[in-house]
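When the count follows my numbering, it moves up by one through the sequence shown with no breaks and lands on 104 for the last residue. To start, the structure itself, in structure tokens.
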Amino acid sequence: RAELGDLAARRGAYETQAAFVRARQELLLKVQSRVLPEYGFPGTLSGVVQMMGALGPFVRDPEVQKLGAEINALIGLDMPEDTWREVSRQCRDLRADAAARAAGLREARQRRGDLA
-11 RAELGDLAAR
-1 RGAYETQAAF
9 VRARQELLLK
19 VQSRVLPEYG
29 FPGTLSGVVQ
39 MMGALGPFVR
49 DPEVQKLGAE
59 INALIGLDMP
69 EDTWREVSRQ
79 CRDLRADAAA
89 RAAGLREARQ
99 RRGDLA
């Protein structure tokens, strides 16, 4: 938490909002990389996306909303509860798009003989 506070205090030092968000994500991933595998997700940014996508069916659950609001407050993320369903959908779509691209790449490599 202290590192998050330090990061937030230096927010204005980042050239862009995107640079600050990247720095925050890198910091959060230090913890997420240890926690996510306990729940079956890779401890990577891809695992974060998978976890967010998996939350979709539960975003209206009062306990999930309460925990999500607490976590967001702790990490300094301003994401209203009514946007969680859309974020979850976008994460599922990203995962599906990535899987489709990977399948297409494998297929192309097989046609070229790169894969056995």
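Idealized CB from N, CA, C, for every residue including glycine.
Tell me, to the nearest whole angstrom, how far the beta carbon of GLU69 is from that of GLN53; I am working on the premise that it is less than 8 angstroms.
About 5 angstroms separates the two Cβ atoms, so the contact holds.
When the Cα atoms are used, what is the spatial distance from LEU105 to PHE46?
One cannot answer for residue 105 here, as it falls past the ends of the chain, which runs -11 to 104.
Given that a residue counts as buried once 16 or more other Cβ atoms are within 10 Å of its Cβ, and exposed if not, what is GLY28?
Burial call: exposed.
Does the beta-carbon distance from LEU24 to GLU(-9) come in below 7 angstroms?
Not in contact: LEU24 and GLU(-9) (Cβ atoms no closer than 7 angstroms).
Using the Cα positions of GLY0 and ALA61, report the straight-line distance between them to the nearest angstrom.
Rounded to whole angstroms, GLY0 to ALA61 spans 19 angstroms at the Cα level.
Do LEU43 and SER76 have their CB atoms nearer than 7 angstroms?
A contact, by the Cβ cut-off of 7 angstroms.
In three-state terms, what does DSSP make of ASP66?
Three-state result, ASP66: coil.
Can you list, in chain order, the residues of its chain whose CB lies under 6 angstroms from that of TRP72, leaving out five sequence neighbours each side?
These residues qualify, in order along the chain: VAL47.
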